[in-house]
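Visitor:
Numbering (this note's numbering), first residue to last: 7 to 164.
#1: Which of helix, strand or coil does DSSP assign to residue 131?
#2: Helix or strand or just coil, what does DSSP make of residue 86?
#3: Pairing CB atoms from the segment 88 to 103 with CB atoms from the segment 34 to 41, are three or more of them under 8 Å?
#4: Which class does residue 150 belong to by DSSP, given the choice of helix, strand or coil?
#5: For residue 164, which residues in the same chain have their Cβ closer than 6 Å to its Cβ, ignoring the five residues on either side in sequence?
#6: Between which two residues does the beta strand (DSSP E) holding residue 77 run?
#7: Might you give, ordered along the chain, the residues of its own chain that have their beta carbon closer than 6 Å to the beta carbon of residue 70, omitting 5 neighbours on each side?
#8: Between which two residues does the alpha helix (DSSP H) harbouring residue 39 extend?
#9: Determine the direct distance from the alpha carbon of residue 73 to that of residue 91, and round the result to whole angstroms.
#10: Going by alpha carbons, who is nearest to residue 141 out of 130, 156, 28, 48?
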């Protein structure tokens with residue numbers, strides 16, 4: 007592997023993102039939060055997770071700015087955990103992983119089904135789109151140095 011490519015891969019955001027998310031429990035907490043759960047006890051009940059693990063994962067998600075912890079005004083002993091914009095931006099990743107798991111038989115076709123609020127129809131597969139909205143396949147993609155952006159494939163690889 008050329009040194010330049012190896013160095014570029016080392017700077018990739020994927021390892022850092024995986025480090026932030028930690029493990030499967032972080033994703034399960036996010037799924038619950040996307041479904042409206044916001045109190046510690048409700049997370050415990052919905053996920054069947056150990057109290058200490060839940061506390062640790064919620065703290066990590068708050069520390070990373072993915073969730074925000076707010077003490078409840080009506081009961082100062084309780085707190086709400088809500089997704090931040092940074093957390094909401096993880097939804098496509100979460101949905102893509104779910105769809106991948108369902109496609110390859112790693113879980114049953116899940117119920118409930120995520121649907122478009124406007125017409126009640128299920129969402130389509132999460133995919134990769136070009137800047138102009140075209141759907142792209144793996145073979146349509148290439149890695150470019152930032153200085154090469156905007157140059158078609160034939161122009162940069164002579």
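Beta carbons are placed, not taken as given, at the ideal position from N, Cα and C, and that holds for glycine.
The model shown is predicted, which means the values in this text are computed figures rather than measured ones.
Guide: According to the structure data:
#1: The answer is coil: DSSP assigns residue 131 none of H, G, I, E or B.
#2: Three-state result, residue 86: strand.
#3: Under the three-pair Cβ rule at 8 Å, the segment 88 to 103 counts as touching the segment 34 to 41.
#4: Residue 150 falls in the coil class under three-state DSSP.
#5: Because the pLDDT of residue 164 is 45, which lies under 50, any placement of that residue in the model is unreliable, and the number read from its coordinates should be weighed accordingly. Answer for residue 164: no residue qualifies.
#6: Residue range 73 to 77 is occupied by the beta strand (DSSP E) that includes residue 77.
#7: Within the same chain, residue 70 has close Cβ partners 26.
#8: In the DSSP annotation of this structure, the continuous segment of the alpha helix (DSSP H) that includes residue 39 starts and ends at 30 to 40.
#9: Residue 73 has its alpha-carbon roughly 9 Å from the corresponding atom of residue 91.
#10: The shortest Cα separation from residue 141 among 130, 156, 28, 48 belongs to 130.
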